[in-house]
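Chains as they are written, first to last, in this note's numbering: chain V, 1 to 482; chain H, 1001 to 1444. Scroll down for the structure; my scribbles are underneath it.
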Amino acid sequence: MSLIFTKSKNGRRGSTIPKCDVPKCSAIPDKMRRSTSAELPEVSELDAVRHFSLLSLKNIGVDTNFYPLGSCTMKYNPKFHEQVAALPGFSALHPLLPQLRNGGALTQGALEVLYESEQILNDLLGFSRTTMQPLAGAHGELTGVMLIAAYHKDRQDNERKIMLIPDAAHGTNPASAAIAGFKPREVATNAEGDVDIENLKQQLGPEVAGIMLTCPNTLGLFDRNVAEICELVHQAGGLCYCDGANLNAIIGRIRPGDLGFDVMHVNLHKTFATPHGGGGPGSGPVGVAECLVPYLPISEVVKRDDGTYTLDYSFQKSIGYIAPFYGNFAIILRAYAYMLSQGRDGFKRISENAVLSANYIRVKLAPFFDQIYDRNCMHECIFAGTRQSAKGVNTLDMAKALIDRGIHPPTIYFPLIVPEALMIEPTETESKETIDEFIQAMIEIAELVETDPEAITSCPKTTPVRRLDETQAARNPVLAEL
Amino acid sequence: MPYIANTDEDRQLMLETIGCADFDEMWRKSDIHFPDCNLLEIAEGKSEFEVVKYLHELAGKNAVDLVSFLGAGYYDHLIPAAVDAVTSRSEFYTAYTPYQPEASQGTLQTIYEYQSMICRLTGMPISNASMYDGGTALFEAMMMSCRVTRRRQVVISEAVSPIFRTMIESYSSNLDVELIVVPAGIDDSNQQELIKAVSKDTACVVVQYPNAFGTIEAWQDFNQQVHTHKALSVCSCYPIALSLLTPPGEMDFDIVTGEGQSMGIPLNFGGPYLGFMAVTKKHVRKMPGRICGKTVDLDGKEGYVLTLQAREQHIRRAGAMSNICSNENLCALSALVYLTCLGKQGLIEVAELCASKAVFARNELLKIAGVEAVGGEAFFNEFIIKLPGDASEIVGRMIDKGFAPGFPLGRYYPDRKDQLLVAVTEKRTREEIKALANALEALL
C-alpha cells in the first residue's frame, strides 16, 4: 500500500485548531526558526483514518485470529479495560501533580490504583514489596539485576560480578545482566530439560552474584530442581532472579516467592491481559523479598494511617529512578481491572486452563512432530521440526503455511537449544474448538510435508505480500522516506 | 469463569486426552508437587459492572479540572479523536511484535511511516521504531556514544531534564561510565563551561533543546567544537517545538532523542509514553532498538520487515546494543496518526499558538509586583519566573485555588527555590491565563 506521504496535497487539512485569542507573537529568535517546514503529510481526516484503517487490515491480532505465540501469552484483552483506561480522571492526570504541595490530595484515585495493584501482586507472587515502575519485561529484568547489584554492593561483597543464566534463556537475560554491569555466564540444560545441577555446582562460587531463572523454564517445563537450585545459589551467597515471562503457567497455583526466589519481574501484558500493542507499551513490575526492599526504586506509593496515599522518597539505599514517574500507569490500571475481576479464585483457573490446553496440544501433535523432552509441559509445548526439515521443509515454512490457514504461527527457532523449534502457547482464553482447528491445521501441514512439500515451502499465498527479502533489507537498509 | 471459553465438559474431555483424572493429577504430572498457595488476602472476583463502577469512583478522586501550566517535559496538548479511533483498532492493539512480516504489514508500514516522520521533524536520516520514554532513550543514546567512540566519559548539561538525569544516574551506577554534570547558566546551558569539560576522553556531550528551563539555544558552533574532540553530540528535544525551530539535524547533532508524549499521547499519570531516537547514517549499526526497513517480496512487491537485527538481544544476547525487546509501538502509532492529522501546517499552527500564549502569559505574570523575569530571551512555550518567596509553598496555595501554576524548580535545583517553570500549550485560553495571573497577584 502506498505511503501516507503520497496522499498529501498542499492545503489539505486533517484537524481543526482553535483560533488565537492572544496577540500573535513569539519569543523564538528569527535565526533559530527552521528555514523549511517539516514535510509532514497534508491529508483530510478521512484520508488519514482510511489509510490507517486499511493498514490495520493487513495485520492479524488476538481479536481476529488464534495467536499461539510461545512465551508471549497472547490471551484475550477484555474490552472494558480500554474504557476505564480512557477515563479523563486517569488519562488527563499530570504525573508531577502529586509531587507538588497540596497536589497529592488531588491524585488519590490514581495513587490507590498503584498501591492496591501492588498489594495484589505481593500476595500473588509471595513477595514483600513490588515496584510498579519498570516499563516493560526487559526493563523489569534490568531493574531486578540492578537490585541484586545494589544488595552485594551494600554488603561490600564487590567480587560478585558473574550472573548465571541457563543456555535456554531469553536473550534479554544476558543483555539485561550486561547492562547492570554483570558478566553473564551460561549454565547447561540437561537431557531432561532441567538445569544441569552438576554444571551449576561447578560454577557457583564467591564471584557469583546470582542466577536468572525463567520459571517455568523457556522449554515450557517446570524445573524439577527449582527449590534446590535456589538453595544452592543462596548457600553460595548469590540471589535468585525469576524471569516471570511464563507466570501464566503457575499463577494462583504456586508463588515464586515461596519457591525461594528473591526477585522477579511480571509482564502485565502477558499474564494480566493488557494489550501487546504490536510491540509495546508493556509493563514489568518487579517483586522482591525482604532482603531487597531497601534498594527499591523511588518513589514508592504508601498508605497513611488515615487511609490516604502518598509518595515515599525515604529509601536511603534506593537504586534511584528507573522510570520518569510511577510506571506505565495506564497499563497498570488495565491490569488492576483484570486482577479485580479475576479475584481470589480466578487466578488458579487461568493457570489450570492454560496448562491443560498446552498439554492437550502436546498429546495430539506428538505423533506428528518430534519432542526433545518427552514429559508433561506447563502452559506451552515445544516441538522440534526436525522430522520435517529432513524432508526439506523447515519450521519457517510451516509457520508461513499456518498463516495461510488463518493462524498466527507459534514462536519459532526459540529456545536456541531446540533445533527447528516450534513453541506453542494457546493460553486459557481459547476454546477447545479453536485449539482443535489449530491441531488439524498442524496435522495437515505435517502430512503435506510428506506428500507435497512444495505446497508448504511456497507459503504464504494469501497474505498482502509473499515472503520478503530480509537479506536485501539488511544489506541495503532503506529505513525512512526522507 | 471470566474470559475462559471451555466448559466443564470440554475440560473433562481434554483431561482424559492427556491421561489425567483431574487437575491435581495434571499438576503432579507437570512436576508441580507443591501445595496450593493461599490467596485469602485477595478479594473474590467482581463482575465487569462492579469493577467499572469502582474505577469510575477512583477516577473521580483525581482532579483534572485544575487549570494547568505544568510541563517540565510532559505537556497537555490537544489530541484529535482520530488518534484514538485508529489505535483502538484491535488489529493494531491486540497484535504482537511483527515477527511474521507477511501477517503484520499494517504494523510494519506504520513503523516505517513513523520513522520517516521522526526523521523529517528532527532533520536526521535514520530513526528507530521507538523506545520506552525520553529518559531511557537518552540513556541509550549515551551508551551508544560510548560504543561508537570506545570512551567512557559523558558530559551532560545541568539544563537537561532533571528527571532524565536522575534516571541516567541510576542506570550508570553499575557501569564503567563517568558522568560529568556541568552547571547551567541563568537560563541556558552555559556552553562555554560545557565545552571546557570536553576532552579526548569524552564519548558524548548531552544537551536539551529547548532546555529544561525552556530556553532555545543555538548549537551549530558548539557541535563543531565537540567534533574536534572526536566526541559525539547528543540532543534531547521537544518534538512540537521542532515544527518551528531549526531541526537538530541541521545543527550537526549525532544522536537526537526525546520524549514523544506531546504527539497525541495522554499524560496518563506518567505513562505509557514514547521515547524517540534518530541518528546519522554512519552510526546506524550501533543504534539500539527495533528498526523497520523497506524491501520487496518474491514477486518484487514492496513490503516492510524488521531489519538490522544482528544488533539486538535475541541474536547478540550479552553483546547486544541494548536489552530492549520491544518498542513503544502503540504510542508510536499515536504519534504517527497525530502528526498525520495535524499535518505540516497544523503542527506549525499548534506550535505558534503555544508560542504566542506563552509570551502573553509571561507578560501577564511579569506585571505582578514581586514577580521577576529570569532570562527569557529565547523560549518556545515554557519559561521561568522568580517569585517573591518559596515557589513550592506558593504553588501549594495556588493549587487550592484551582491552578497548577507550574513546576517549582527548587525540587531539583536547590539554588532555585524561588523559581517557577511555567508551560503554556494551545489548550490554555486567554481567560485562563488572565485568571492565573489574577489569582497569583491576589495571593502574593
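C-beta: ideal position from N, C-alpha, C; glycine also.
For residue i, which three-state DSSP category applies?
{"i": "alanine 216(V)", "result": "First, the amino acid is wrong: residue 216(V) is proline here, not alanine. Of the three classes helix, strand and coil, the one that applies to proline 216(V) here is coil, per DSSP."}
{"i": "alanine 492(V)", "result": "The structure shown does not extend to residue 492(V), since chain V is modelled only from 1 through 482, so no value can be given for it."}
{"i": "glutamine 1153(H)", "result": "strand"}
{"i": "histidine 265(V)", "result": "strand"}
{"i": "proline 68(V)", "result": "coil"}
{"i": "tyrosine 338(V)", "result": "helix"}
{"i": "serine 1127(H)", "result": "strand"}
{"i": "alanine 1320(H)", "result": "coil"}
{"i": "threonine 130(V)", "result": "strand"}
{"i": "asparagine 376(V)", "result": "coil"}
{"i": "cysteine 242(V)", "result": "strand"}
{"i": "phenylalanine 438(V)", "result": "helix"}
{"i": "lysine 24(V)", "result": "coil"}
{"i": "glycine 140(V)", "result": "helix"}
{"i": "valine 1067(H)", "result": "strand"}
{"i": "cysteine 1146(H)", "result": "helix"}
{"i": "cysteine 1037(H)", "result": "coil"}
{"i": "aspartate 1297(H)", "result": "strand"}
{"i": "methionine 199(V)", "result": "The sequence given here places asparagine at residue 199(V); methionine does not occur at that position. Looking at asparagine 199(V) - three-state DSSP - the assignment turns out to be helix."}
{"i": "lysine 400(V)", "result": "helix"}
{"i": "glutamine 1419(H)", "result": "strand"}
{"i": "arginine 466(V)", "result": "coil"}
{"i": "lysine 1029(H)", "result": "helix"}
{"i": "phenylalanine 1276(H)", "result": "strand"}
{"i": "glycine 346(V)", "result": "helix"}
{"i": "threonine 1122(H)", "result": "helix"}
{"i": "cysteine 1292(H)", "result": "strand"}
Pick from the options: whose alpha carbon is nearest that of residue i?
{"i": "leucine 340(V)", "options": "Ser26(V), Ala110(V), Pro88(V) and Glu116(V)", "result": "Glu116(V)"}
{"i": "isoleucine 165(V)", "options": "Gly137(V), Gln203(V), Ser128(V) and His152(V)", "result": "Gln203(V)"}
{"i": "aspartate 30(V)", "options": "Tyr1114(H), His1227(H), Thr1107(H) and Ala1218(H)", "result": "Ala1218(H)"}
{"i": "aspartate 469(V)", "options": "Leu1306(H), Pro1080(H) and Gly1370(H)", "result": "Leu1306(H)"}
{"i": "cysteine 377(V)", "options": "Phe347(V), Asn217(V) and Asn158(V)", "result": "Asn217(V)"}
{"i": "alanine 473(V)", "options": "Pro1101(H), Gly1260(H) and Lys1286(H)", "result": "Pro1101(H)"}
{"i": "leucine 1245(H)", "options": "Ser35(V), Leu239(V), Tyr373(V) and Phe368(V)", "result": "Ser35(V)"}
{"i": "valine 1198(H)", "options": "Gln1224(H), Val1296(H) and Tyr1209(H)", "result": "Gln1224(H)"}
{"i": "alanine 149(V)", "options": "Gly181(V), Leu135(V) and Gly171(V)", "result": "Gly181(V)"}
{"i": "leucine 356(V)", "options": "Arg467(V), Asn59(V), Ala249(V) and Leu87(V)", "result": "Ala249(V)"}
{"i": "aspartate 1084(H)", "options": "Ala1335(H), Thr1136(H), Ile1368(H) and Met1167(H)", "result": "Ala1335(H)"}
{"i": "alanine 455(V)", "options": "Leu416(V), Ile443(V) and Ala401(V)", "result": "Ala401(V)"}
{"i": "alanine 1137(H)", "options": "Val1177(H), Gly1289(H), Glu1169(H) and Glu1372(H)", "result": "Gly1289(H)"}
{"i": "alanine 1103(H)", "options": "Cys459(V), Thr395(V), Pro275(V) and Tyr413(V)", "result": "Cys459(V)"}
{"i": "glycine 392(V)", "options": "Ala169(V), Cys230(V), Arg50(V) and Pro453(V)", "result": "Pro453(V)"}
{"i": "alanine 1043(H)", "options": "Phe347(V), Ser56(V) and Phe5(V)", "result": "Phe347(V)"}
Pull up the distance between the alpha-carbon of residue i and that of residue j, whole angstroms please.
{"i": "glutamine 99(V)", "j": "serine 299(V)", "result": "10 Å"}
{"i": "glycine 1123(H)", "j": "phenylalanine 1360(H)", "result": "30 Å"}
{"i": "arginine 1454(H)", "j": "histidine 81(V)", "result": "Nothing about residue 1454(H) can be reported from this structure: the residues present for chain H run from 1001 to 1444 only."}
{"i": "asparagine 353(V)", "j": "glycine 1019(H)", "result": "15 Å"}
{"i": "methionine 423(V)", "j": "phenylalanine 383(V)", "result": "7 Å"}
{"i": "leucine 46(V)", "j": "lysine 19(V)", "result": "23 Å"}
{"i": "tyrosine 336(V)", "j": "threonine 451(V)", "result": "50 Å"}
{"i": "threonine 1017(H)", "j": "aspartate 262(V)", "result": "37 Å"}
{"i": "isoleucine 1118(H)", "j": "serine 1130(H)", "result": "10 Å"}
{"i": "threonine 131(V)", "j": "alanine 289(V)", "result": "12 Å"}
{"i": "threonine 1107(H)", "j": "cysteine 1331(H)", "result": "12 Å"}
State the CB to CB distance for the pair residue i and residue j, rounded to an integer number of angstroms; the pair is presumed to be in contact (CB under 8 Å).
{"i": "valine 1234(H)", "j": "phenylalanine 1253(H)", "result": "7 Å"}
{"i": "alanine 177(V)", "j": "threonine 1340(H)", "result": "Going by Cβ atoms, the distance from alanine 177(V) to threonine 1340(H) rounds to 40 Å, so no, they are not a contact pair."}
{"i": "lysine 1452(H)", "j": "tyrosine 1112(H)", "result": "Since the first residue of chain H shown is 1001 and the last is 1444, residue 1452(H) is not available in this structure."}
{"i": "phenylalanine 1379(H)", "j": "cysteine 1354(H)", "result": "Not confirmed; about 10 Å, so no contact."}
{"i": "tyrosine 1238(H)", "j": "glycine 277(V)", "result": "Not confirmed; about 24 Å, so no contact."}
{"i": "serine 1127(H)", "j": "methionine 1277(H)", "result": "7 Å"}
{"i": "valine 1206(H)", "j": "serine 1189(H)", "result": "Contact flag wrong, Cβ pair sits at about 10 Å."}
{"i": "lysine 1344(H)", "j": "leucine 482(V)", "result": "Going by Cβ atoms, the distance from lysine 1344(H) to leucine 482(V) rounds to 15 Å, so no, they are not a contact pair."}
{"i": "serine 1356(H)", "j": "lysine 24(V)", "result": "5 Å"}
What residue ranges within the stretch 1194-1255 of chain H form continuous alpha helix (DSSP H) runs of no fewer than 4 residues, ordered along the chain?
1220-1228
Note down, one range per segment and in chain order, each alpha helix (DSSP H) of at least 4 residues found wholly within the stretch 248-335 of chain V.
256-259
In chain order, what are the residue ranges of uninterrupted beta strand (DSSP E) at least 3 long that sit wholly in the stretch 1314-1392 of chain H?
1382-1386
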